[in-house]
Each structure stands twice: as C-alpha cells, then as structure tokens.
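Enquirer: Residue numbers for the sequence shown follow our numbering, beginning at 4 and rising by one.
Even glycine gets a Cβ: it sits at the ideal position worked out from N, Cα and C.
This structure is a prediction, so every number in the text was calculated from the model and none was measured.
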Amino acid sequence: MSTHAVTLATDRALLPEAVAAVRAAGAKLRERFTPDARPGGHEELIAALLTNDQASLGELRAPLHAARPNAGWVVDELEGGALPDGEWWVTDPAEGNINHVHGMPEWSVTATLVRDNQPVVTAVHLPLTDDTYTAVRGGGAFRNGVRLRASAKERLADGYVGTGQAKPGEDARTFRRIGRSLTAMLESALVTRVSVPATLQLVHVAAGRMDAFWQYSDVRSGLLAGALLVAESGGTVTDTHGDPWTSASQDFLAAAPALHTAVVRVLSSVN
C-alpha cells in the first residue's frame, strides 16, 4: 500500500472524532443562541463573543487533542500566515460569532487538521440546520455524507459570487480593495453577495450553490476549512491572481472550475 493510501486511511479514521467534537461544541452554542439577542455597547458585545468562544472551546479542544496528541493548537482564530511544519489544529469555535450574538443564523463550528501547511481533514457543523460538512484531502467533500460537487456554470454573467470582511479593523488598503472588487464584480457577475463568515460562503461554493468567493485576507481559520471543501468538491482554489494559494497568501479565491479564469481576470484589475 502506498504512503498516500496509508495517510488517506489514517486521516479518514480521524474524521469521526473531528465531527463529534464540532457537533458537541455546536450543541453548546445552540443552547446559548436566541434570535432575540441584541447586544448593547462595546463591552457587552465583546463579553458575549468571548463567552461563546470559551463555551465552545470547552467542548472542542480536549477531544481534538486526544485524537491527535502531537498536533499543535492555534489559539487565536484571527491569526494569519504560514504555520511551522508539522500538524496543527486550526479551529474557529464560533465561526460567525458576530452573527450568533446578534440573533442571526449564519454561524458554525469548524475544526481543520493542517499538515505542513496543507489542510488535510476538516469538519464544519451548522447547529441550526444540523448540517455537517466534511472533507479529507484526496477523499472528497461531503454534506451529511452526500458527495459535494462544485458548480458547472460556464459564464460569469450567470454567476452568484460573494466576498466579505475577514475581521474588524482591517487596514484602509484592504477596505479599498474590497470596495473596488465589488464594483468590478457587480459589473461582471449576475449577483454579488457580501456577508460573513467566510466559511459559510465557502460551503456554498463547495456545494455548487454559489460560484465564487474571494477575500482580501490571510486569516487562516476562516479559509482553511472552506479551501479543502472546495478543492475536494472539484472547485479551484488560488489567490486572486490565479497563483497557488497557501496559508501564507495575502488573498484568496475559490471558484467553480469553468469560471475561475474569468473571476481572476476581473479581480486582477483590483489594486
């Protein structure tokens, strides 16, 4: 048996433990969720975000550590850039936390095992719909066990595309690039969506519901899970200029394969 086959089998064996962890953490967040949530000022908002993170991590970290005791753990989900070699758990205990604390439904829990800066196993759980998206590198992407396929659209003019802000306090150049890219894409695609979090747009790209997603950011936790899901569903993952994407890249693009070149052409004009 080849080394690749051994690794794929090992990673597949890890997936149920990752799924169990994100589902347990998601259940904890669901207990805390109410559509009537309306945070007040800054201090109340920050406290609610931190409390959600802590509640979810209480269910997430121990089982993932037990599943892969030698893997490192990325503490700050807003970190970017390349990781040291070896295995790391990159999680977002409340992806879309800002939505959760405002009573909106677009949030999830994610856990991704990264090996030598390549995502190899991921589980994304959406507690309000009880959907779990999973992927193993080389083994396909799935929603609740059903295989995912990226969109087969061939014209960007028919495309449903999206982007969003990666985190608060981005620099002025990033905000300008977001604005210019939106203008360019509004003139090129059928419909352009702006929302957060990134992962929940990327699961739509992986499932073929959306046709492209781009982001001017290197925040790992919002991109790694979706990057693996899209790649394993047959989509194309690069930076916005069409070069290979890594966690060290400064921006990100995931697209249906037949639309990728057209999306790159539009975004390459943005500076």
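#1: Between the Cα of PRO42 and the Cα atoms of ASP79, PRO72 and ASN102, which residue gives the shortest distance?
#2: Any idea which residues DSSP pairs VAL194 with across the strands?
#3: Taking all protein chains shown into account, decide if THR132 is buried (16 or more other Cβ within 10 angstroms of its Cβ) or exposed.
#4: Considering Cα atoms alone, identify which of HIS45, GLY75, PRO260 and ALA160 is closest to GLU235.
#5: Among all the DSSP beta bridges, which residues are the ones paired with THR115?
#6: Which residue from ASP88, ALA12 and ALA126 puts its Cα closest to that of GLY225?
#7: Should the region 79 to 99 be regarded as contacting the region 109 to 121, the criterion being three or more beta carbon pairs within less than 8 Å?
#8: I'd like to check one pair, TYR163 with ASP214: are the Cβ atoms closer than 7 Å?
#9: Leaving out five residues on either side along the sequence, give the residues of the same chain with a beta carbon under 8 Å from the beta carbon of GLU46.
#10: Going by beta-carbon coordinates alone, are LEU262 and TRP217 separated by less than 7 Å?
#11: For LEU52, which residues from the same chain have a beta carbon less than 8 Å from its beta carbon, with the 5 sequence-adjacent residues on both sides left out?
#12: For ASP95, I'd like the list of residues in its chain whose CB is within less than 6 Å of its CB, leaving aside the five on either flank, ordered along the chain.
#13: Contact defined as beta carbons within less than 8 Å: I believe SER220 pairs with PHE255. What is the distance between those atoms, to the nearest angstrom?
#14: Do the region 147 to 163 and the region 171 to 184 touch if we need at least three Cβ pairs shorter than 8 Å?
Expert: So, to answer that:
#1: Here residue 42 corresponds to residue number 39 of the sequence shown, with the count starting at 1. Measuring from the Cα of PRO42, the nearest candidate turns out to be ASN102.
#2: Start at 1 with the first residue of the sequence shown, and residue 194 comes out as number 191. Per DSSP, TYR163.
#3: Numbered from 1 along the sequence shown, position 129 holds the residue referred to as residue 132. Its Cβ having fewer than 16 others within 10 Å, THR132 is exposed.
#4: On the sequence shown, residue 235 is found 232 positions in, with the first residue counted as 1. Considering only alpha carbons, the answer is PRO260.
#5: Within the sequence shown, the letter at position 112 stands for residue 115. Per DSSP, VAL93 and THR125.
#6: In the sequence shown, the residue the question calls residue 225 occupies position 222. Ranking the options by Cα distance to GLY225, first place goes to ALA126.
#7: yes
#8: Here the question's residue 214 lines up with position 211 in the sequence shown. Here the question's residue 163 lines up with position 160 in the sequence shown. Cβ distance < 7 Å, so ASP214 and TYR163 count as in contact.
#9: Position 43 of the sequence shown, counted from the start, is the residue given in the question as residue 46. No residues qualify anywhere along the chain.
#10: Looking up residue 262 in the sequence shown gives position 259. Looking up residue 217 in the sequence shown gives position 214. No, the Cβ-Cβ distance between LEU262 and TRP217 is not below 7 Å.
#11: For the purposes of this step, residue 52 is identified with residue 49 of the sequence shown, where counting begins at 1. Cβ neighbours of LEU52 beyond the five flanking positions: ALA97, ASN100, ILE101 and VAL104.
#12: Locating residue 95 in the sequence shown gives position 92, where the first residue counts as 1. Closer than 6 Å at the Cβ level, and outside the excluded window around ASP95, lie GLU80, THR113 and SER224.
#13: The residue given as residue 220 occupies position 217 in the sequence shown. The residue given as residue 255 occupies position 252 in the sequence shown. Going by Cβ atoms, the distance from SER220 to PHE255 rounds to 7 Å, so yes, they are a contact pair.
#14: no
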